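Note that numbering that gives the first Met the number 0 has the sequence shown beginning at 0, numbered continuously upward.
Just so you know, even glycine gets a beta-carbon here, dropped at the ideal spot from N, CA and C.
Being a predicted model, the structure only gives us computed values, none of them experimental.
Here is the structure we will look at, set down as structure tokens.
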Amino acid sequence: MQHLLRSLKVFYEMVDSRACLVAFDPGFWGYLGLEMPKEHPKLTEVFYELVGREDEIEAILAGKASGLTLPGIRRGDRYFSLVIATDSRGVAPAFAVIEDTTEACEARQLLAQDRNEIFLLKQSLEAQNEKLSSLLGIIRDQNHSLETKVRQRTKELESSRYLVLTKLARVAEFRDQETGGHIYRIGRACALIGKVLGLAVEEREILYYASLLHDVGKIGIPDSILLKPGPFDLAERTVMKGHTTLGAQILEGEDHILFVASREVALGHHERWDGSGYPEGKAGAEIPLMSRICAVADVFDALTSKRPYKEAWPIDRARALVREESGKAFDPEVVRAFDEVLEDILRSRAGVEDLETLEPQFSGPGLPGYPARSRKRASPPSCPSMPWSSTRGPLTRGSARGRGGSTGPSRPAWPAASPWGGTRWSA
Ligand SMILES: [Fe+2]
Ligand SMILES: [Fe+2]
0 MQHLLRSLKV FYEMVDSRAC LVAFDPGFWG YLGLEMPKEH PKLTEVFYEL VGREDEIEAI
60 LAGKASGLTL PGIRRGDRYF SLVIATDSRG VAPAFAVIED TTEACEARQL LAQDRNEIFL
120 LKQSLEAQNE KLSSLLGIIR DQNHSLETKV RQRTKELESS RYLVLTKLAR VAEFRDQETG
180 GHIYRIGRAC ALIGKVLGLA VEEREILYYA SLLHDVGKIG IPDSILLKPG PFDLAERTVM
240 KGHTTLGAQI LEGEDHILFV ASREVALGHH ERWDGSGYPE GKAGAEIPLM SRICAVADVF
300 DALTSKRPYK EAWPIDRARA LVREESGKAF DPEVVRAFDE VLEDILRSRA GVEDLETLEP
360 QFSGPGLPGY PARSRKRASP PSCPSMPWSS TRGPLTRGSA RGRGGSTGPS RPAWPAASPW
420 GGTRWSA
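So, in structure tokens, the structure goes:
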């Protein structure tokens with residue numbers, strides 16, 4: 000029995016009626032790191048943890064209490080539990096039993112230590128997270144501020160681009176005999192037609208400004224020809240035709256999409272769907288879509304406007320001419336779209352006297368171009384790179400139509416006997 004208890008690291012000694020330990024087992028004392036005493040020491044002398052609990056011990060010795068337990072007593076590097084218990088067999092008034100709990104205590108200590116470390120680590124992580132969040136906040140604020148600045152600068156740049164182009168268009172118009180607001184009416188008509196053809200808001204806005212510049216090349220045409228009241232001779236007609244390439248030259252060298260589009264419209268607005276136009280004799284979908292749209296809007300407006308050399312055509316007559324030229328001068332798809340929005344085109348210019356100070360509404364309720372909105376641009380559009388060129392989607396079908404035999408010097412000039420101005424080139 001003693002052997003078994005020792006293997007479990009359990010030792011005991013008897014306690015006599017005076018609450019003294021009867022020194023009997025050297026193992027008990029050795030476990031406590033003490034020499035086995037010759038006398039019987041008081042319980043409280045050996046276990047000072049019991050000081051103050053003498054009454055309880057007395058009650059145990061008197062058989063009035065069954066026992067008491069003190070866990071976690073430490074001696075050196077050992078931990079043990081002390082139990083003072085009565086002896087039911089009556090051998091002694093009580094026993095003092097000690098049980099080694101070092102492993103359990105150490106495990107508990109390690110656990111507590113781990114918990115502490117985890118807690119400290121968590122606290123440190125939370126502090127670092129807080130710092131990180133604050134830094135991210137600062138970075139976000141700075142990014143926002145930079146983005147705002149960039150947006151503002153971009154906006155200013157866009158505004159100045161549009162302003163310069165608009166002024167350039169007006170300069171060209173002043174030199175011509177076009178009626179007031181011609182370029183703006185064309186711009187509006189182009190935007191309306193473009194919407195039917197599926198152009199996005201940004202594309203319609205680009206188209207609007209590009210079409211304002213369709214005749215910018217007239218800046219370079221001598222007054223003697225540009226302002227000539229009578230018909231042109233062959234040489235004069237050739238010079239006049241040069242306003243397309245001149246316009247393209249004026250607008251080249253700038254890769255902003257607004258300039259690229261304007262250049263294409265300036266160059267291509269006298270091309271014909273059947274390939275007999277100028278200056279390059281392009282046909283069908285080879286002609287940039289914006290040029291094809293501008294061609295219809297330009298001719299319609301020229302026909303319906305009074306000029307020094309002709310009266311304004313009635314709307315129905317001009318409409319009939321545009322329809323007649325579908326597949327010849329004009330892209331049939333563009334003519335169809337023009338037909339669809341003709342009422343809107345007419346409304347967009349009716350009753351508006353100061354056209355050049357008004358810009359169309361490209362988005363929101365209603366059709367673009369009508370009703371007109373305020374004089375100032377509220378927010379110039381961003382100009383993303385757009386696939387609006389002549390190879391665009393459904394509008395490219397029939398690209399080869401009307402092309403046959405159209406290029407070369409024998410190609411008839413357009414219009415050979417123009418119903419919109421006799422032999423006078425007018426648009
Ligand atoms: Fe022109
Ligand atoms: Fe024109």
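Check whether the Cβ atoms of residue i and residue j lie closer than 7 Å to each other.
| i | j | result |
| --- | --- | --- |
| residue 38 | residue 69 | no |
| residue 302 | residue 317 | yes |
| residue 171 | residue 296 | no |
| residue 20 | residue 50 | no |
| residue 76 | residue 8 | no |
| residue 257 | residue 160 | yes |
| residue 118 | residue 97 | no |
| residue 182 | residue 168 | yes |
| residue 32 | residue 10 | no |
| residue 260 | residue 294 | no |
| residue 266 | residue 284 | no |
| residue 219 | residue 250 | no |
| residue 95 | residue 12 | yes |
| residue 269 | residue 280 | no |
| residue 300 | residue 152 | no |
| residue 190 | residue 174 | no |
| residue 278 | residue 243 | yes |
| residue 334 | residue 321 | yes |
| residue 230 | residue 307 | no |
From the DSSP secondary-structure annotation, give me the bridge partner or partners of residue i.
| i | result |
| --- | --- |
| residue 37 | In DSSP, residue 37 forms no bridge with anything. |
| residue 19 | 41 |
| residue 9 | 98 |
| residue 309 | 306 |
| residue 93 | 14 and 85 |
| residue 299 | In the DSSP output, where bridge partners are listed per residue, residue 299 has none listed. |
| residue 329 | 325 |
With a cut-off of 8 Å on the beta carbons, I'd call residue i and residue j a contact; round off their distance for me.
| i | j | result |
| --- | --- | --- |
| residue 60 | residue 18 | 6 Å |
| residue 83 | residue 93 | 6 Å |
| residue 428 | residue 326 | Nothing about residue 428 can be reported from this structure: the residues present for the chain run from 0 to 426 only. |
| residue 464 | residue 85 | The structure shown has nothing for residue 464, since the chain only spans 0 to 426. |
| residue 55 | residue 67 | 5 Å |
| residue 226 | residue 217 | Their Cβ separation, rounded to whole angstroms, is 10 Å, which puts residue 226 and residue 217 out of contact at 8 Å. |
### Task
Could you say if the segment 189-200 and the segment 322-341 meet the contact criterion of at least three C-beta pairs nearer than 8 Å?
yes
### Task
Jot down the residue ranges of each uninterrupted beta strand (DSSP E) in the segment 44-85, minimum 3 residues, whole runs only, in chain order.
66-74 and 77-85
### Message
For the structure I just gave you, are there three or more beta carbon pairs, one from the segment 281-299 and one from the segment 197-216, closer than 8 Å?
### Response
yes
#### Entry: Segment contact, 8 Å Cβ cut-off, at least three pairs: the segment 127-147 with the segment 221-236
no
### Message
Suppose only complete runs of 4+ residues qualify. What are the alpha helix (DSSP H) ranges in the segment 160-240, listed by chain order?
### Response
181-195, 200-211, 222-225 and 233-240
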